[in-house]
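Colleague: Just passing along the structure, written as structure tokens.
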Ligand code: ADP
Ligand code: MG
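Residue numbers (this note's numbering): 56 to 298.
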């Protein structure tokens, strides 16, 4: 599969008064299109910082980030916003919906910002409400929705522009187990359709479902492990003749 994300020598330092927090240190990572990656590790190890950089919500102090072959660190903020809008969907632990907008309006927001025509927008919102079982919640505001419904609105909003990748930061962190399970299944269904899924979680059972687990410690990737999948292996057998 084609390399979609390439990070090399990434450093992210936060300055808090006189002290410096080295959130990411010489981080190197490559992720292919269509992967399902779980990012795990203790609190403060840099998981959210990494996800924010991947989502172009933040910039590294140094290092290279190539997204789909293009160096995105040197883009202007406007250009980054455009890449984000077209290629990246973000799902947060605390949903980040706009409180005064209805479910339908929240879902439509990325299309409004992208300048899409109302007719096209409305058709897509209608379909998304149907896909995510929110048809009878279209006109409700976030405070009138359950946690699971809010996260479904957030996922519908994150995917409405048909992004190439979904970045999810503890998407089940504010949900009970059954509701969280439902949300994970929605995200996994998107991955099954080819969308790259990169999810931060501190739930080991959830992390184990991903095809690849990254363990972060002190701002770097300490372990990078791929899980055997149940699909028939296409790996060259060990006994194959050397080339
Ligand atoms: P995680 O998501 O793994 O819990 P974070 O990426 O949020 O970790 O944070 C990594 C480190 O960077 C922590 O020490 C955190 O306090 C610090 N940090 C993160 N964001 C900021 C910020 N905006 N300003 C200052 N320090 C930050
Ligand atoms: Mg975090």
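Don't be surprised by glycine CBs; every beta carbon is placed ideally from N, CA and C. The model shown is predicted, which means the values in this text are computed figures rather than measured ones.
With a 10 Å radius around its C-beta and 16 neighbouring C-beta atoms as the bar for buried, classify residue 152 as buried or exposed.
Modeller: Counted from its first residue, the chain shown places residue 152 at position 97. When all chains shown are included, residue 152 counts as buried.
Colleague: To the nearest angstrom, how far is it from the Cα of residue 275 to the Cα of residue 72?
Modeller: Stepping through the chain shown from its first residue, residue 275 is reached at position 220. Stepping through the chain shown from its first residue, residue 72 is reached at position 17. Rounded to the nearest angstrom, the two C-alpha atoms are 24 Å apart.
Colleague: Under 9 Å between the Cβ atoms of residue 209 and residue 250?
Modeller: Working through the chain shown from its first residue, we reach residue 209 at position 154. Working through the chain shown from its first residue, we reach residue 250 at position 195. No, Cβ-Cβ distance for residue 209 and residue 250 is not below 9 Å.
Colleague: Is it the case that the CB of residue 149 approaches a heavy atom of the ligand ADP more closely than 8 Å?
Modeller: As a working mapping, residue 149 is identified with position 94 in the chain shown. Outside the cutoff, so no.
Colleague: Report buried or exposed for residue 198, applying the criterion of at least 16 other Cβ atoms within 10 angstroms of its Cβ.
Modeller: The sequence position of residue 198 within the chain shown is 143, counting from 1. Exposed: under 16 other Cβ atoms inside 10 Å.
Colleague: Count Cβ pairs between the stretch 98-118 and the stretch 75-89 that sit closer than 8 Å; are there 3 or more?
Modeller: At 8 Å Cβ cutoff, the stretches touch.
Colleague: Taking only three categories from DSSP, how would you classify residue 73?
Modeller: By 1-based counting over the chain shown, the position of residue 73 is 18. It is coil, neither helix nor strand.
Colleague: Can the beta-carbon of residue 192 be found closer than 9 Å to that of residue 184?
Modeller: Position 137 of the chain shown, counted from the first residue, corresponds to residue 192. Position 129 of the chain shown, counted from the first residue, corresponds to residue 184. A contact, by the Cβ cut-off of 9 Å.
Colleague: Alpha carbon to alpha carbon, how far is residue 167 from residue 207?
Modeller: As a working mapping, residue 167 is identified with position 112 in the chain shown. As a working mapping, residue 207 is identified with position 152 in the chain shown. About 19 Å.
Colleague: Residue 217 to residue 141, Cα distance in whole Å?
Modeller: The residue labelled residue 217 in the question sits at position 162 within the chain shown. The residue labelled residue 141 in the question sits at position 86 within the chain shown. Near 7 Å, if we compare the C-alpha coordinates of residue 141 and residue 217.
Colleague: Determine which residues share a DSSP beta bridge with residue 68 and list them.
Modeller: On the chain shown, residue 68 is found 13 positions in, with the first residue counted as 1. Answer is 77.
Colleague: For residue 89, collect the residues of the same chain with a Cβ closer than 7 Å to its Cβ; drop the 5 residues on either side in sequence, then sort them by chain order.
Modeller: Stepping through the chain shown from its first residue, residue 89 is reached at position 34. The answer, listed in chain order, is 56, 249, 251.
Colleague: Just verifying my parser: in three-state terms, what is the DSSP assignment at residue 194?
Modeller: Position 139 of the chain shown, counted from the first residue, corresponds to residue 194. Looking at residue 194 - three-state DSSP - the assignment turns out to be coil, as it is neither helix nor strand.
Colleague: Can you tell me where the alpha helix (DSSP H) holding residue 249 begins and where it ends?
Modeller: The residue given as residue 249 occupies position 194 in the chain shown. Per DSSP, residue 249 belongs to no alpha helix (DSSP H) and is neither H nor E.
Colleague: Would the C-beta of residue 185 count as close to the ligand MG, meaning under 8 Å from any of its heavy atoms?
Modeller: Mapped onto the chain shown, residue 185 falls at position 130. Incorrect: residue 185 has no Cβ contact closer than 8 Å to the ligand MG.
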